[in-house]
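>
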Amino acid sequence: DKWYAGGVIKELFSRLYALELHKHATVRMKLMVPSVDNSFRRRVRSGAEESQFNSLLEIVQVINLVSCEERYFWSLESEGGYSLASIRKLIDEKRF
């Protein structure tokens with residue numbers, strides 16, 4: 038998934054992805070365990086692996102996952118709510 042602004046996690050941290058035993062693990066799954074390297078096939082080595090691991094830790098330390106239902110937002114309203122008036126206005130603006 039492309040959830041991080043810099044790109045796809047498995048591409049940004051390719052050395053760590055190679056160590057991961059659960060290739061289809063979600064971010065939520067990885068953050069629910071004591072350490073993100075919990076499911077690596079071996080310990081992280083120094084060099085590029087360690088550098089990528091430290092960079093990943095910097096990112097995940099500021100993540101706060103909140104459990105909530107899937108939500109939909111209507112971009113025509115500033116507060117995300119849906120109204121017939123907003124769609125009527127859009128249709129009127131698109132008419133020739």
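For the sequence shown, the residue numbers in our numbering are 38 to 133. Heads up, the beta-carbon is just placed ideally off N, CA and C, and yes, glycines get one too. Remember, predicted model here, so these are calculated numbers, not experimental data.
Can you give me the Cβ contacts of S51 inside the same chain, cut-off strictly under 6 Å, excluding the 5 residues immediately before and after it?
In the sequence shown, residue 51 corresponds to position 14, counting from 1. Nothing listed; no residue qualifies.
> Kindly say whether V81, judged by its beta-carbon, lies nearer than 8 Å to any beta-carbon of chain B.
In the structure shown, chain B cannot be found, because there is only a single protein chain.
> Going straight from the alpha carbon of S87 to that of N101, what length do you get?
Within the sequence shown, the letter at position 50 stands for residue 87. Within the sequence shown, the letter at position 64 stands for residue 101. Per the sequence presented here, residue 87 reads as Glu, with Ser not at that position. Each residue's alpha carbon lies about 24 Å from the other.
> Where do the ends of the alpha helix (DSSP H) carrying V97 lie?
Stepping through the sequence shown from its first residue, residue 97 is reached at position 60. Per DSSP, V97 belongs to the alpha helix (DSSP H) from 85-97.
> Residues bridged to E57 by DSSP?
Residue 57 sits at position 20 when you count from the first residue of the sequence shown. F77, per the DSSP bridge assignment.
> Please report the distance separating the alpha-carbon of E130 from that of A122.
Here residue 130 refers to the residue found at position 93 of the sequence shown. Here residue 122 refers to the residue found at position 85 of the sequence shown. Those two C-alpha atoms are separated by around 12 Å.
> Alpha helix (DSSP H) containing M66: first to last residue?
The sequence position of residue 66 within the sequence shown is 29, counting from 1. Run containing M66: 64-68, per the alpha helix (DSSP H) assignment.
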